[in-house]
Amino acid sequence: MMRRSVPMKLAKVCGGGGSDGAPEGSEKALEDLQTRINSVPASARPALGGATDGETGFTASTSSADNSGYDGVGPLRSFSEADDGDLAAALNRRIGQIASTTGSFDSEVTEEEMRQPLTAAEMRELIVTKYGKTHDVSFVRRDIPGKSFVGLNIMWTHLEQRSFKLTEAQYMEKLDGVVYLVGALGQTDKVRAFLKEPARSQKGLPARPVVGTAITIRFDLEPGVVEEWFGKGYQ
Numbered sequence: 001m002m003r004r005s006v007p008m009k010l011a012k013v014c015g016g017g018g019s020d021g022a023p024e025g026s027e028k029a030l031e032d033l034q035t036r037i038n039s040v041p042a043s044a045r046p047a048l049g050g051a052t053d054g055e056t057g058f059t060a061s062t063s064s065a066d067n068s069g070y071d072g073v074g075p076l077r078s079f080s081e082a083d084d085g086d087l088a089a090a091l092n093r094r095i096g097q098i099a100s101t102t103g104s105f106d107s108e109v110t111e112e113e114m115r116q117p118l119t120a121a122e123m124r125e126l127i128v129t130k131y132g133k134t135h136d137v138s139f140v141r142r143d144i145p146g147k148s149f150v151g152l153n154i155m156w157t158h159l160e161q162r163s164f165k166l167t168e169a170q171y172m173e174k175l176d177g178v179v180y181l182v183g184a185l186g187q188t189d190k191v192r193a194f195l196k197e198p199a200r201s202q203k204g205l206p207a208r209p210v211v212g213t214a215i216t217i218r219f220d221l222e223p224g225v226v227e228e229w230f231g232k233g234y235q
């Protein structure tokens, strides 16, 4: 039987497109992809896990204990030799890796932490651990021609200052509201990952909040969400 070409196999695994090669709707493509992944037997999904084949980007296990059939001695299979089950398994793993990566490679957010809502106490601890003080926070909207964005500012004012306007109880109450909105906007993982990263200068800005300059955690929000939660005039 003639072996199918790599592009044909990729089209089958990834959901393909229309007869003219144009992509169909993104939602349908994702549904088709998930259907194909789910159709792969569970025993086939661990295949290709382990050391990387530098030429193809596919991986192979150093032990047959993962049911991949690779003994760690024979030559690695090339991309063109992988069947649909292998491709689906590799793609499924990659989707999981992308989904679990919300910050930079320096952040240390575990998969278990990602499932947990952010609390006021955790956020306070993360701020103190990263910056050394209990800094105030506030949401900010900025408008530039053709685009609006929202972020969470880590302010230069902090609870340890005598001039700070909030009591500790009021500060924690404010954080309760902040983490609730962060969760409602779907930005919990981004905030947690950012606060777990080492403090460092970016784009010429200071690594820590200083008088007159806050550190901004920029959110990824659709324009409609920005307008719904932070209407024009919000600063």
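Mapped onto UniProt numbering, the consecutive letters of the sequence shown carry residue numbers 1 to 235. C-beta atoms are modelled at their ideal positions from N, C-alpha and C, and glycine is treated no differently. All figures in this text were calculated on a predicted structure; none of them were measured in a lab.
Could you pull out every residue in the same chain whose Cβ sits closer than 6 Å to the Cβ of residue i, ignoring the five residues on either side in sequence?
i, result
"E123", "For the record, residue 123 in the displayed sequence is Met; it is not Glu. Counting only Cβ-Cβ distances below 6 Å, and skipping sequence neighbours, we find L175, V179."
"N153", "S138, V140, A214, T216"
Between the beta-carbon of residue i and the beta-carbon of residue j, is there less than 8 Å?
i, j, result
"I144", "H135", "no"
"R218", "A207", "no"
"F230", "R142", "no"
"V226", "S148", "yes"
"L205", "K130", "no"
"A214", "W156", "yes"
For residue i, which residues does DSSP report across the bridge?
i, result
"D143", "S148"
"V210", "T213"
"V137", "I154"
"R218", "G151"
I need the straight-line Cα distance from residue i to residue j, nearest angstrom please.
i, j, result
"P223", "L166", "33 Å"
"G186", "G151", "13 Å"
"L118", "G177", "11 Å"
"A120", "M172", "6 Å"
"T188", "V182", "6 Å"
"Q202", "T216", "11 Å"
"K232", "D220", "18 Å"
"E228", "S163", "34 Å"
"D53", "E125", "Note on D53: pLDDT 42, under 50, position unreliable in the model; no value is reported."
"A184", "Q116", "13 Å"
Which same chain residues end up closer than 7 Å to residue i when comparing Cβ atoms and leaving out the 5 residues on each side of it in sequence?
i, result
"K133", "H158, E160"
"Q170", "none"
"E168", "L159"
Under 8 Å Cβ to Cβ from residue i, same chain only, skipping five residues before and after it: list those, please.
i, result
"V211", "W156"
Quiz item: Counting only runs that start and end within the stretch 175-204, where is the alpha helix (DSSP H) found for 4 or more residues in a row?
Solution: 188-196
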